[in-house]
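So for the sequence shown, this note's numbering puts the first residue at 2; every next one is plus one.
The block underneath contains the structure these notes are about, expressed in structure tokens.
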Amino acid sequence: MEYIELCQKASELRKKGLYADALACYEELTFGFAGLCTSWDYWGHAYCLLKLNKWREAETFCRSYREKEEPFQPIDNVLAWSLYYQYIKGAEADDTKLLTGYAEEVLALCRKEDKYSPYTATVFQVLEALSRKFPYPAETILQWAEQLDAGLLDENTVEVNRLDGKKMELASRREQYYMILTRALYECARYEECAEKCDEALSHLTAFHYDNDVWFRRRKALCLFYMGNTTEAIELMRGVFARKKDWFVRFELGEMLINSGKKDEGASLLASAALERGDPEKKLKLYAALARWFDNNGKHETAMAHYTLIWQLRVAQGWKEDEEIRSRLENEKVDLSTIPSADNLIQKLFPQWEELANSNREKMQGVIQKLLPNGKAGFIVTVDGKTYYFELRNFKGRREEASPGRRVKFFLEDGYDARKQRSVKNAVQVMPEKNC
């Protein structure tokens with residue numbers, strides 16, 4: 002078969018996706034007609050190896066070509082993809098030095114704006130691997146994130162099937178980029194840049210996933226707080242708190258309020274953060290803040306219970322000893338070998354946290370009007386006809402007592418009606434009348 006005829010056949014087979022047959026033709030071309038072959042013929046050979054998952058062979062072939070011929074971007078892209086599939090995709094965080102070495106080679110082979118190259122996919126694989134490391138390598142992540150250009154990233158979302166058969170939409174590359182970048186900037190204490198990028202994300206992205214719009218606002222609020230703009234930070238964080246009740250949001254808003262002079266409201270939020278679900282060992286700074294508040298308000302014994310809790314949690318995790326905590330406990334003649342377990346300390350502190358959390362909330366009375374079909378929430382109606390949403394996890398009684406017609410007492414807390422997209426007041430700490 003002549004060179005031109007063989008070229009046409011190889012190209013047609015490749016375009017039809019018959020890569021094994023096409024490869025046989027390209028092998029005959031590149032070995033039998035080497036003097037006539039163009040760069041595109043060599044690319045076709047390499048491309049078929051790549052599509053047949055013969056990544057090592059594709060790598061070897063492309064490297065051999067690059068040693069003998071002038072640079073050809075399509076060949077470089079195939080080499081980059083072969084490196085990506087062999088060494089980068091799905092890489093674990095335990096050997097980031099090897100991973101980043103190959104990633105740097107891929108970036109050197111590709112152009113950032115070339116959508117047919119693995120440039121963007123490679124950077125994201127590195128970022129994902131680095132994000133799984135502890136401690137969080139913010140500076141390194143920032144260096145890699147800065148290899149990307151937001152304007153070149155795809156804003157289209159991807160739909161995947163979950164294990165339960167339902168479809169789930171994933172965030173776009175651009176949304177992922179802004180989340181990674183702003184976290185790294187925040188962790189590097191580059192607060193002004195972080196706030197600016199949060200604003201950029203909120204104004205440029207057209208869709209948000211996993212409530213990322215809320216998390217961008219939270220990150221911006223924290224940046225504003227650390228830059229000294231406490232008033233604006235509190236206003237922004239109140240909006241976050243209306244939608245998110247996580248313990249760390251309560252803690253952050255509480256600290257902002259205390260810092261601004263609104264100590265009672267802030268302390269109430271700190272206590273509610275202690276009550277909220279979350280791993281106790283992650284709440285050490287919160288417990289320290291509560292210890293200071295109790296100490297400053299004449300409740301030294303309760304403050305010491307918090308310091309003891311911090312000590313026990315650190316011991317349980319095998320963490321380095323905190324000299325300041327040790328000094329506090331030894332000055333109080335606390336025998337570190339006989340102190341209660343962390344679980345017992347939390348159980349003893351629980352009533353005091355509840356009392357402090359409710360101290361700045363409005364107390365109400367009403368009747369459970371109805372429960373929602375999902376059995377996880379319901380509504381309470383008051384004497385004046387106002388209704389308040391509550392979650393069953395906030396009901397402080399036996400589950401069977403949470404039934405329509407049951408008289409209850411409760412407290413109000415800021416919330417958010419997602420369906421109507423507005424701030425509301427929700428019922429928390431809901432108690433059957435007999436328990437009040």
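We put the beta carbon where it would ideally sit given N, CA and C, even for glycine.
Rounded straight-line distance, which links the Cα of Tyr-85 to that of Lys-274: The question names Lys, but residue 274 in the sequence shown is Ala. Going by the C-alpha atoms only, they are around 44 Å apart.
Under DSSP, the alpha helix (DSSP H) around Ile-311 begins and ends at which residues? From DSSP, the alpha helix (DSSP H) with Ile-311 extends over 301-318.
If Ala-290 and Ile-311 are in contact, beta carbons under 8 Å, what's the gap, nearest whole angstrom? No, Ala-290 and Ile-311 are not in contact; Cβ-Cβ is about 11 Å, not under 8 Å.
Starting from the Cα of Ala-196, find the closest Cα among Glu-70, Gly-319, Ala-222, Asn-213 and give me that residue. Out of Glu-70, Gly-319, Ala-222, Asn-213, Ala-222 has the C-alpha closest to the C-alpha of Ala-196.
Taking three-plus beta-carbon pairs below 8 Å as touching, is the segment 137-144 in contact with the segment 155-174? Look at the beta carbons and you see the segment 137-144 not touching the segment 155-174: under three pairs across the two are nearer than 8 Å.
Three-state secondary structure (DSSP) at Ser-338? Assigned with DSSP and collapsed to three states, Ser-338 falls in coil, not helix or strand.
Can you tell me whether Asn-332 is helix, strand or coil according to DSSP? In this structure, Asn-332 counts as helix in the three-state DSSP scheme.
Is Met-169 buried or exposed, if buried means 16 or more other CB atoms sit within 10 Å of its CB? Counting Cβ neighbours within 10 Å, Met-169 comes out exposed, since fewer than 16 surround it.
For Cys-224 and Ala-292, I'd like the C-alpha separation in whole angstroms. The C-alpha of Cys-224 lies about 25 Å from the C-alpha of Ala-292.
Arg-251 versus Ser-424: straight-line alpha-carbon distance, rounded: Distance between the alpha carbons of Arg-251 and Ser-424: 16 Å.
When you compare each of Ala-306, Phe-351, Lys-321, Val-316 to Leu-330 by their alpha carbons, which one comes out closest? Checking every option, the nearest Cα to that of Leu-330 belongs to Ala-306.
Inside the segment 66-110 only - beta strand (DSSP E) runs reaching at least 3 residues: The segment 66-110 contains no complete beta strand (DSSP E) run of 3 or more residues.
Quick check: Cys-49 and Leu-80, are their CB atoms within less than 8 Å of each other? In this structure, Leu-80 does not lie closer than 8 Å to Cys-49 by Cβ.
For Glu-414: DSSP bridge partner residues: The partner list for Glu-414 (beta bridge, DSSP) reads Asn-427.
Roughly how many angstroms separate the alpha carbons of Asn-157 and Arg-174, rounded to a whole number? In a straight line, the C-alpha of Asn-157 is about 8 Å away from that of Arg-174.
Where Val-127 and Glu-363 are concerned, what is the direct C-alpha to C-alpha distance, given to the nearest angstrom? Cα-Cα distance, rounded: 49 Å.
By the 10 Å Cβ neighbour count, where 16 or more other Cβ atoms means buried, how is Tyr-121 classified, buried or exposed? Strictly speaking, residue 121 in this sequence is Thr, with Tyr absent from that position. With 16 or more other CB atoms across the displayed protein chains lying within 10 angstroms of its CB, Thr-121 is buried.
Residue-level contact to chain C via CB, Asn-298, 8 Å cutoff: In the structure shown, chain C cannot be found, because there is only a single protein chain.
Could you spell out where the alpha helix (DSSP H) holding Phe-32 opens and where it closes? It spans 20-33 - the alpha helix (DSSP H) in which Phe-32 sits, taken as one unbroken run.
For Trp-320, is the classification buried or exposed, using 16 other Cβ atoms within 10 angstroms of its Cβ as the cut-off for buried? By the Cβ-count criterion, Trp-320 is exposed, with fewer than 16 other Cβ atoms from all chains shown falling within 10 Å of its own Cβ.
Could you check the C-alpha separation between Lys-116 and Ile-76 for me, to the nearest Å? Taking the straight line joining both Cα atoms gives about 15 Å.
Straight-line CA distance for Asp-280 to Leu-287? Straight-line Cα distance between these residues: approximately 12 Å.
Closest Cα partner of Leu-346 within the set Gln-370, Glu-302, Gly-367, Val-368: Ranking the options by Cα distance to Leu-346, first place goes to Glu-302.
Considering just the uninterrupted stretch of the beta strand (DSSP E) at Thr-388, what are its terminal residues? Residues 388-392.
What residues are listed by DSSP as bridge partners for Met-365? Answer by DSSP bridge pairing, in chain order: Phe-411.
Could you spell out where the alpha helix (DSSP H) holding Val-241 opens and where it closes? For Val-241, the enclosing alpha helix (DSSP H) begins and ends at 231-244.
For Leu-171, write down the residues that DSSP places opposite it in a beta bridge. BP columns for Leu-171 point to Val-159.
Smallest Cα separation from Asp-344: which of Met-365, Ala-268, Leu-314? Taking only the C-alpha atoms, the option nearest Asp-344 is Leu-314.
Verify whether the separation of the beta carbon atoms of Cys-111 and Ser-83 is less than 8 Å. For Cys-111 and Ser-83, no; Cβs fall outside 8 Å.
Looking at the secondary structure, which residues open and close the beta strand (DSSP E) in which Phe-380 lies? Counting along the chain, the beta strand (DSSP E) containing Phe-380 begins and ends at 378-382.
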